[in-house]
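Here the protein sequences line up with chains A and B, keeping their order.
Per the working numbering, the first sequence starts with residue 93, numbered consecutively.
Per the working numbering, the second sequence starts with residue 93, numbered consecutively.
Below: one structure, written as C-alpha cells.
There are 2 protein chains.
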Amino acid sequence: MARYRVGMETRARILEATRDVLGEQGLESATLKAITDRAGVGAGSFYNLFESKEAAVWEVLAEAITAVDPDPDGHGTETVDDLIAAFVAFVTGETATLARIHLQLAGIALTEPEVAAPIARSHARRVERFAAAMQRDDPDLDDASAAGHAEVVLGALTGLAMRTVMAHDFDLAAAAAGLPRHPRAAAPAVGQSS
Amino acid sequence: MARYRVGMETRARILEATRDVLGEQGLESATLKAITDRAGVGAGSFYNLFESKEAAVWEVLAEAITAVDPDPDGHGTETVDDLIAAFVAFVTGETATLARIHLQLAGIALTEPEVAAPIARSHARRVERFAAAMQRDDPDLDDASAAGHAEVVLGALTGLAMRTVMAHDFDLAAAAAGLPRHPRAAAPAVGQSS
DNA sequence: CGCAACTTGGAGCGGACGCTCAAAGTTTGG
DNA sequence: CCAAACTTTGAGCGTCCGCTCCAAGTTGCG
C-alpha cells in the first residue's frame, strides 16, 4: 500500500549505485549526478525515495560499518590479536576504499557534529570490544585500564591506517605487531619531571 | 622595484586575516570572502598578491607547521617524553585550533595529493626526531626498529589526538602516558598463527 | 607637475552542486 | 476500462565559491 514494489526496486538500485560510486571513486566523487547517472534514474526519482543525498550515502556507509564488524554474536571468543588482524585486513584488503572513506569521515567529523556522532558511536563499540578481549586475556585487568588501553591501541591503529593509505608501501601489519597488547604495569598518571 | 611597500603591507594584512580566520573559525570557514572581508580588501587586491586562495592558506599553514616543531637546533637533547609532551601541549594548549586543522589536513591528504605531499614531509621529519630520541635512550636500538617504533608512537598520537578533538573530555596526556617508549623485545615480523 | 608603475574594489562570470516541481507516464484495484 | 495512487523525468532554481577584469585611484620618480 504505502509504496509500490517498483519504487522499492529503484531504491535498491540507487543504493547499489551509491555503494559502487563510493567504492570505486570515493566520497568526494559521490555527487548526486554520479549516483543517479549510475543508477539510471533522474534526480526527481532519487528525491522521491530519499530525504537527501546524505541519507543515501549514510545508509550505505552504515551497512558497510556493521558489515566490517566481525560477528557481534561471537562475543566472547575473539582475542586482541584477532581484532587487530581484522582491522589490518579491513585497511589492506579489498575493503581498502571503504577504510579510506572511514578515515576521511573521521577527519570530517572533527568539524561536523552530524558526522561525528555515528563515528563516535562505532568507536565506542570497538573500544568495548577490545577492552573485553584484553580482560579475557588478563582477568586481573580492571575496566578503566582496559578501556584506556583499548583507546591507545585503537588510536594507534587509526593513525597507522592513515599512514598506510597515504604511503602505499607502509607495512601496517608489521607496525601493528609492535603495538602493546596490554597496558604497562606502572605509569598510571601523567608524570612529567618536576 | 618589483613591488611597492604598500602592496607588501596589504599582503601582510591578508596573511594575518587568513591566520585569524583559520584560528578562530577553522579551515572550512576560510573562504575568500571571509579572508578579504577580515583584511578589509577587495578580491582583486587579493589576487594581485596571491596566486590563489590556497596559496595564502598554505603560506599560513606552513608557518604554523614549522612553528610547532620545537627548535630544530636543539637536536640532541630532547627525550621521547619531551617530544610526546610537546605533542600533547600542541593538541590541548592554545594551539588546539591549529592542531585540529592539522588533523583535518591529514584527512584531506587521503585523497588530495597536493595536500598529502607536505603532510608526508612534515611527518617524516617528526619520525626522524622521535627515532633519534629513542636511540639516544637506548644506543642498542637499530635504525629500522627505531623508525618503526617511531611510526607506531606517532600513529598512536595522531589517532589519540583525533579522539581528543572529538571528545572534549578525553584525557590525551593519560593516554599518551600509556604508550610504549621503546619497541618490545621480540615480534620483529608479522607472525600470524598458521 | 606629469607620467608610468603599481594598487584597489567589487560587479559579475562560470561552474559545481543539491534540490524542486509540474507534467507525463505507469501500475493497481475495483 | 477507469480513476486513483504512485513513479519518473530533467530542465532549471538557488546558492556558494573561486576567480577575472578593468576603471578608478594612489604612489614614486625625474
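Note that the Cβ used here is the ideal one computed from N, Cα and C, for glycine as well.
From a predicted model like this one, the values you see are computed outputs, not experimental measurements.
Closer than 8 Å to chain B by CB, residue i
i	result
glutamine 284 of chain A	Per-residue confidence for glutamine 284 of chain A stands at a pLDDT of 40, beneath the threshold of 50, marking its modelled position as unreliable; the derived number appears in the next sentence. Yes, glutamine 284 of chain A counts as interfacial toward chain B.
glycine 118 of chain A	yes
alanine 267 of chain A	yes
Residue nearest to residue i in terms of C-alpha spacing, selected from the options
i	options	result
tyrosine 139 of chain A	A:Gly99, A:Val257, A:Pro231, A:Ala265	A:Gly99
threonine 171 of chain B	B:Val257, B:Leu264, B:Gln227, B:Asp263	B:Gln227
leucine 197 of chain B	B:Ile211, B:Thr189, B:Leu124, B:Ala148	B:Ile211
glutamate 120 of chain B	B:Phe262, B:Leu233, B:His194	B:His194
valine 245 of chain B	B:Gly136, B:Thr256, B:Ala223, B:Asp229	B:Ala223
glycine 240 of chain A	A:Val219, A:Asp230, A:Thr256	A:Val219
proline 287 of chain A	A:Thr123, A:Met258, A:Pro231, A:Thr184	For residue 287 of chain A there is no data in the structure shown, the boundaries of chain A being 93 and 286.
glycine 270 of chain B	B:Asp235, B:Arg221, B:Ile176	B:Ile176
leucine 141 of chain B	B:Gly118, B:Asp129, B:Arg103	B:Arg103
glycine 168 of chain B	B:Arg221, B:Met258, B:Ala122	B:Arg221
glutamine 117 of chain A	A:Ala242, A:Ala191, A:Ala154	A:Ala191
alanine 178 of chain A	A:His260, A:Leu249, A:Leu153	A:Leu249
alanine 208 of chain B	A:Ala126, A:Thr256, A:Ala188	A:Thr256
serine 144 of chain A	A:Arg130, A:Gly132, A:Thr110	A:Thr110
alanine 267 of chain A	A:His260, A:Leu252, A:Glu155	A:Leu252
serine 237 of chain A	A:Gly136, A:Asp173, A:Arg273	A:Arg273
alanine 188 of chain A	A:Glu206, A:Ala216, A:Ile200, A:Ala156	A:Ala156
alanine 122 of chain B	B:Leu264, B:Ala159, B:Val113	B:Val113
glutamate 243 of chain A	B:Asp129, B:Thr203, B:Asp235, B:Ala265	B:Ala265
alanine 201 of chain A	B:Thr184, B:Ala181, B:Arg105, B:Ala259	B:Ala259
aspartate 263 of chain B	B:Asp229, B:Arg213, B:Ile106, B:Val183	B:Val183
glycine 199 of chain B	A:Gly132, A:Trp150, A:Ala148, A:Met254	A:Met254
glutamate 101 of chain B	B:Lys125, B:Ala131, B:Ala147	B:Ala131
glutamate 151 of chain A	A:Arg97, A:Glu108, A:Tyr96, A:Gly185	A:Glu108
glutamate 206 of chain B	B:Asp129, B:Ala135, B:Ala147	B:Ala147
aspartate 229 of chain A	A:Asp174, A:Ser214, A:Glu186	A:Asp174
Any C-beta of chain A under 8 Å from that of residue i
i	result
histidine 241 of chain B	yes
isoleucine 127 of chain B	no
glutamine 227 of chain B	no
Residue i in three-state terms, based on DSSP
i	result
leucine 119 of chain A	helix
tyrosine 96 of chain A	coil
glutamate 220 of chain B	helix
alanine 259 of chain A	coil
glycine 247 of chain A	helix
leucine 141 of chain B	helix
leucine 233 of chain B	coil
proline 210 of chain A	helix
serine 285 of chain A	Only weak support is given to the placement of serine 285 of chain A: the predicted model assigns it a pLDDT of 39, under 50, and the value that follows is read from those uncertain coordinates. Serine 285 of chain A falls in the coil class under three-state DSSP.
glutamate 146 of chain B	helix
valine 133 of chain A	coil
threonine 199 of chain B	The displayed chain sequence assigns glycine, not threonine, to residue 199 of chain B. Helix at glycine 199 of chain B.
threonine 171 of chain B	coil
proline 280 of chain A	Confidence is the limiting factor: at proline 280 of chain A the pLDDT is only 40, short of 50, which leaves the residue's position unreliable and the question unanswerable from this model.
arginine 105 of chain A	helix
glutamate 204 of chain B	coil
threonine 189 of chain B	helix
leucine 153 of chain A	helix
isoleucine 274 of chain B	Going by the sequence as given, residue 274 of chain B is histidine instead of isoleucine. Note: histidine 274 of chain B maps to coil in three-state DSSP.
Residues that residue i contacts on chain A, provided the C-beta gap is smaller than 9 Å
i	result
proline 210 of chain B	Per Cβ cutoff of 9 Å: no residues; proline 210 of chain B is ~12 Å from chain A at best.
leucine 233 of chain B	Correct list: empty, because the minimum Cβ distance to chain A is about 13 Å.
valine 244 of chain B	Ala248, Gly251, Leu252, Ala267, Ala268, Gly270, Leu271
Chain B residues whose Cβ lies nearer than 9 Å to that of residue i
i	result
arginine 218 of chain A	Under the 9 Å cutoff, chain B gives no residues; its nearest Cβ is about 12 Å from arginine 218 of chain A.
Proximal residues of chain A, C-beta to C-beta of residue i below 8 Å
i	result
leucine 202 of chain B	Arg192, Leu195, Gln196, Gly199, Met254, Val257, Met258
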